[in-house]
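Novice: Okay, here's the structure, questions in a sec.
Residue numbers (UniProt numbering): 1 to 452.
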């Protein structure tokens with residue numbers, strides 16, 4: 001009875017009868033095996049030569065059918081994780097909820113998963129899958145995947161695409177369809193709602209009505225997800241190449257307010273949309289050009305208007321600008337850390353970019369020379385350019401710093417004179433602190449090499 005219920009939920013065929021998949025030959029799909037990476041082809045070939053079934057699966061097949069070069073390749077097989085690990089010397093088994101194998105081939109890592117079965121070992125009270133190490137057939141694995149366009153298998157040896165769930169049809173219709181009952185699938189893994197939005201915005205697909213309808217009612221389930229997992233999914237969303245479209249769709253589907261604390265900080269803020277849109281457009285452009293991006297810089301742009309608002313609150317209370325800025329930064333970071341901790345490797349960059357913004361206002365004396373030598377100057381200047389384009393700071397000031405950075409010595413002196421003529425006075429000389437001499441040598445610190 002339990003098996004029948006599980007098969008009904010996942011829409012699996014009754015009994016042990018296998019459903020006949022649709023097998024598309026090369027002439028119909030056009031994917032040649034040389035479109036695969038060397039690593040993916042090597043992993044699939046070795047598994048097949050060892051007597052196992054093995055296929056490229058998921059997003060890579062989807063992208064190849066859309067004539068897009070995949071960012072990475074995943075492999076599905078009937079070999080267990082231990083059998084895969086035994087075949088590949090440079091591999092490791094990872095994961096607790098569902099064990100997978102990372103196989104390293106040169107600089108590339110291929111994720112190899114064993115076909116998942118129709119049964120679920122362990123779920124929480126809300127229906128979320130806690131452990132899922134039940135293995136099954138290729139057909140069962142197809143039904144356990146999230147969307148029909150991600151449940152396609154590619155066999156490079158025969159150059160065929162295997163389709164159990166009309167994924168190719170949905171792909172041509174540019175429609176995102178959940179496999180099984182959407183409400184139940186969202187309960188099993190609430191992050192699927194974020195994936196639906198990300199894939200629809202990234203691929204330019206329409207979310208199927210039955211897939212879309214339960215999202216708003218189940219959005220609250222995301223609050224129970226581990227912060228680290230939500231952060232990873234949010235980064236995928238922001239680095240999808242369609243970040244602003246993803247944010248707009250999150251708002252449209254009820255997945256913004258009260259769900260993701262970091263996105264709460266930016267969704268619908270008055271006056272922030274122009275700055276945010278410019279920042280995300282720059283990020284999208286770099287991703288499309290295969291250029292590297294800085295996650296710390298991206299997070300700094302997302303939270304900047306929160307910092308500005310908090311700083312203004314302290315300024316209104318009579319605090320000086322720099323202490324007000326530091327207190328505002330602390331407030332914003334603490335608000336995020338309560339439920340959604342940003343990793344330190346990103347928060348340090350974010351904080352440095354914010355801290356350097358006031359230094360663009362000082363253009364006399366030796367300060368400009370020291371500033372352009374600062375290691376984070378370029379990141380801070382790119383951030384300042386965004387602020388100028390959004391109308392926060394004068395464009396002329398941004399142009400001045402761009403000219404100063406590339407100028408020779410004489411040109412820099414002329415630029416500083418120009419800044420003085422525009423009304424910026426000379427920098428006040430630093431006051432020398434008088435050292436207080438002590439007659440009691442016993443009270444003096446030991447000379448241990450530590451700077452005082």
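C-beta: ideal position from N, C-alpha, C; glycine also.
1) For residue 354, which option in 334, 367, 372, 328 has the closest C-alpha, if you only look at C-alpha atoms?
2) What residue does the alpha helix (DSSP H) around residue 385 start on, and which one ends it?
3) Rounded to whole angstroms, how far is the Cβ of residue 101 from the Cβ of residue 74, which I believe are closer than 8 Å?
4) Let me check understanding here. Comparing Cα to Cα, which of 404, 160, 113 lies closest to residue 98?
5) Residues in its own chain within less than 6 Å of residue 80 by CB, not counting five upstream and five downstream?
6) For residue 416, which three-state DSSP category applies?
7) Return yes when the Cβ of residue 117 is within less than 7 Å of the Cβ of residue 134, no when it is not.
8) Mapping the DSSP letters down to three states, classify residue 137 as helix, strand or coil.
9) Expressed to the nearest angstrom, what Euclidean distance is found between the alpha-carbon atoms of residue 324 and residue 359?
10) Report the option in 93, 162, 47 whose CA atom is closest to the CA atom of residue 62.
11) What residues in its chain sit with their C-beta under 7 Å from that of residue 403, if we drop five residues either side in the sequence?
12) If we count the other Cβ atoms within 10 Å of its Cβ and call it buried at 16 or more, is residue 77 buried or exposed?
13) Select from 321, 43, 238, 71 the residue whose C-alpha is nearest the C-alpha of residue 290.
14) Can you tell me whether residue 91 is helix, strand or coil according to DSSP?
15) Can you give, in chain order, each stretch of the alpha helix (DSSP H) that sits fully within the stretch 274-357 and has at least 4 residues?
16) Who are the near neighbours of residue 334 in its chain, counting only those whose CB is closer than 6 Å to its CB and skipping five residues on each side?
17) With distances taken between CB atoms, is the gap from residue 43 to residue 103 smaller than 7 Å?
18) Based on the DSSP output, what are the partners of residue 52 in its beta bridges?
19) Cα-Cα, which of 279, 364, 303 is closest to residue 385?
20) Grouping DSSP H, G and I as helix and E and B as strand, with all else coil, what is residue 239?
21) May I have the straight-line CA-CA distance separating residue 422 from residue 364, to the nearest angstrom?
Specialist: Reading from the atomic positions:
1) As a first step, residue 354 is located in the chain shown; it is residue number 354 there, counting from the start. When only C-alpha atoms are compared, the closest one is 328.
2) Working through the chain shown from its first residue, we reach residue 385 at position 385. Start and end: 377-389.
3) Within the chain shown, residue 101 is the residue found at index 101, counting from 1. Within the chain shown, residue 74 is the residue found at index 74, counting from 1. Actually they do not touch by this definition, with Cβ atoms about 11 Å apart.
4) Position 98 of the chain shown, counted from the first residue, corresponds to residue 98. It is 113.
5) Locating residue 80 in the chain shown gives position 80, where the first residue counts as 1. Closer than 6 Å at Cβ, skipping near neighbours: 114.
6) Residue mapping note: residue 416 aligns to position 416 of the chain shown, counting from 1. If DSSP states are grouped into helix, strand and coil, residue 416 belongs with the helices.
7) As a first step, residue 134 is located in the chain shown; it is residue number 134 there, counting from the start. As a first step, residue 117 is located in the chain shown; it is residue number 117 there, counting from the start. Yes; because the gap between Cβ atoms is below 7 Å, this pair is in contact.
8) In the chain shown, the residue the question calls residue 137 occupies position 137. Note: residue 137 maps to coil in three-state DSSP.
9) Locating residue 324 in the chain shown gives position 324, where the first residue counts as 1. Locating residue 359 in the chain shown gives position 359, where the first residue counts as 1. Their backbone Cα atoms lie some 15 Å apart in a straight line.
10) By 1-based counting over the chain shown, the position of residue 62 is 62. Relative to residue 62, the option among 93, 162, 47 whose CA is nearest is 162.
11) As a working note, residue 403 is residue 403 in the chain shown. These residues qualify, in order along the chain: 415.
12) Your numbering for residue 77 matches position 77 in the chain shown. Buried, by the Cβ-count rule.
13) As a working note, residue 290 is residue 290 in the chain shown. Cα-wise, what sits closest to residue 290 is 71.
14) As a working note, residue 91 is residue 91 in the chain shown. In this structure, residue 91 counts as strand in the three-state DSSP scheme.
15) 295-316, 321-337, 344-356
16) Counting from one through the chain shown, the residue named residue 334 turns up at place 334. Around residue 334: no qualifying Cβ.
17) Your numbering for residue 43 matches position 43 in the chain shown. Your numbering for residue 103 matches position 103 in the chain shown. Their beta carbons are under 7 Å apart, which means residue 43 touches residue 103 by this criterion.
18) By 1-based counting over the chain shown, the position of residue 52 is 52. Beta-bridge pairing links residue 52 to no other residue.
19) The residue given as residue 385 occupies position 385 in the chain shown. The residue with the shortest Cα to Cα distance from residue 385 is 279.
20) Within the chain shown, the letter at position 239 stands for residue 239. Note: residue 239 maps to coil in three-state DSSP.
21) For the purposes of this step, residue 422 is identified with residue 422 of the chain shown, where counting begins at 1. For the purposes of this step, residue 364 is identified with residue 364 of the chain shown, where counting begins at 1. C-alpha separation (whole angstroms): 11 Å.
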